[in-house]
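So the sequence shown is numbered by this note's numbering: it starts at 6 and just counts up by one. Virtual Cβ for every residue (Gly too), placed ideally from N, Cα, C.
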Amino acid sequence: MGRAENIQLNVRSAFARDRVHALAKLTGMTASEVIEDALRGYVPPGVPANTGKLVRRGALLVRPSSGKPVSLESANEALDRSREHDIDH
Numbered sequence: 006m007g008r009a010e011n012i013q014l015n016v017r018s019a020f021a022r023d024r025v026h027a028l029a030k031l032t033g034m035t036a037s038e039v040i041e042d043a044l045r046g047y048v049p050p051g052v053p054a055n056t057g058k059l060v061r062r063g064a065l066l067v068r069p070s071s072g073k074p075v076s077l078e079s080a081n082e083a084l085d086r087s088r089e090h091d092i093d094h
């Protein structure tokens with residue numbers, strides 16, 4: 006059975022070529038399979054991957070809110086209490 010399309014990707018990096026061939030030999034995969042697998046798992050720097058229950062808010066991943074909003078004042082008070090507790094012990 007022949008290929009319906011003859012798709013090629015030319016990479017002019019000696020490192021990439023050598024690394025792909027080494028991984029293909031090590032894993033028993035073809036060079037194309039190694040590259041496809043690597044690209045499926047790639048996440049560009051600065052773009053966090055979705056993890057568990059975290060949700061994206063702009064460039065950050067945060068836990069979704071489960072109650073009323075927390076004010077800046079109450080957050081600062083909680084931080085101050087935590088810092089004072091650390092000093093006492």
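In whole angstroms, give me the CA-to-CA distance for residue i and residue j.
i	j	result
A43	A36	11 Å
E78	L84	10 Å
V25	N11	20 Å
F20	L14	15 Å
S76	R68	16 Å
P50	L66	14 Å
G33	G46	19 Å
S71	G63	19 Å
Would a check of beta-carbon distances place residue i closer than 7 Å to chain C?
i	result
A29	The structure shown contains no chain C; it holds only a single protein chain.
Tell me, which residues are paired with residue i by DSSP?
i	result
L65	R62
Exposed or buried, which one is residue i when buried takes at least 16 other CB atoms within 10 Å?
i	result
V16	exposed
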